[in-house]
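Notes for the one structure printed next.
Residue numbers (the working numbering): 4 to 162.
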């Protein structure tokens, strides 16, 4: 193989490896951010559920309640239900984003492995080309020596 072609192949390989490395880093960062968001939302949901449980205990302990207390209870239930629905919806979106980030991370890992395999293949091709050049050079030298020997043997007066 021509040396210029090998240099170009190495350059392309280096670019692909760099792209794969950057894609892997970005996918890793996105995955970590999605995991963090998901954990935060899980914490918020747990807080809402604990608050709802506290409200339910308060309702169970209160036997005689005034109209104001009943209205307060109703408002608290509605507020908690709205918060819970919002958190569950955000949690669903965060779960989907996390799964997407995990797929991106797997794809980036696969691309990195592929780039490494291509690098190894190009290195093998380069080594093979270098060996072929060395064999060609050695064969050319042997041919030149043989031709010199043959021409010197044809000269009159040579032994």
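Note that CB positions come from ideal geometry on N, CA and C, so glycine has one too.
- If you draw a straight line from the Cα of residue 108 to the Cα of residue 63, it is about 49 Å long.
- Where residue 24 is concerned, the enclosing alpha helix (DSSP H) starts and stops at 6-64.
- Closest in alpha carbon position to residue 9, among 130, 28, 116, is 130.
- Each residue's CA atom was taken as its position, placing residue 56 and residue 84 some 12 Å apart.
- For residue 68, there is no enclosing alpha helix (DSSP H), as DSSP marks it with neither H nor E.
- A residue is called buried when at least 16 other Cβ atoms come within 10 angstroms of its Cβ; residue 37 meets this threshold and is buried.
- Here residue 120 is exposed, its C-beta having fewer than 16 other C-beta atoms within 10 Å.
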